[in-house]
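Visitor: Just so we're aligned: the sequence shown equals residues 3 to 114 in this note's numbering. Glycine included, each C-beta is placed from N, C-alpha and C at the ideal position.
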Amino acid sequence: MNAGMDQPQESCALSLPFVDEQTAARLAEIFKALSDPTRVRLIAALCAGERCVHELAEQLEMSQSAISHQLRTLRQLHLVRSHKEGRHVYYALDDDHVLTLFAQGLDHVQHI
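Here's what the structure looks like:
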C-alpha cells in the first residue's frame, strides 16, 4: 500500500468536523455551480480582479445576458459579489475562500 495515498485521508479525518446534512447540501450546491465550464471560466477571470459584465462578455466571447445569467447563480451562492457604478455592474470574487477553492481545484486538475 502506498503510504502517500493514506496521508490526505488521515489529515482530513483529524482536522474536519462532521458535516451535517444541511451543510453537505450547501456544499454540493457550490460544487454543482462549479461543474459548469462557463462559471469556472468566470471565476478564473475574476481571480485577476473586479470586472464589469461587458469586460467579462468580451473576454469569454459570450453575450452580456448569458454572462449576467451565470453571474446571478454565482452571486446567489456567495461565490461572487457585485456593486453598481453608474450604468455598470462590477463583479468580484466574494472572498479569499473562493480564490483558494478555485486555485486548489486547478492545482488538482493540473496534477492528475
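Would you mind stating whether Leu101 and Cys49 have Cβ atoms separated by less than 8 Å?
Guide: A contact, by the Cβ cut-off of 8 Å.
Visitor: Would you mind giving the Cβ-Cβ distance between Leu76 and Ala27, rounded to the nearest angstrom? I have them listed as a contact below 8 Å.
Guide: Their Cβ separation, rounded to whole angstroms, is 18 Å, which puts Leu76 and Ala27 out of contact at 8 Å.
Visitor: Using beta-carbon positions only, say whether Leu58 and Leu44 come within less than 8 Å of one another.
Guide: Closer than 8 Å, so yes.
Visitor: Between the alpha carbons of Arg83 and Ala46, how many angstroms are there, rounded?
Guide: Each residue's Cα considered, the two are about 15 Å apart.
Visitor: His80 by DSSP, collapsed to three states: which one?
Guide: Of the three classes helix, strand and coil, the one that applies to His80 here is coil, per DSSP.
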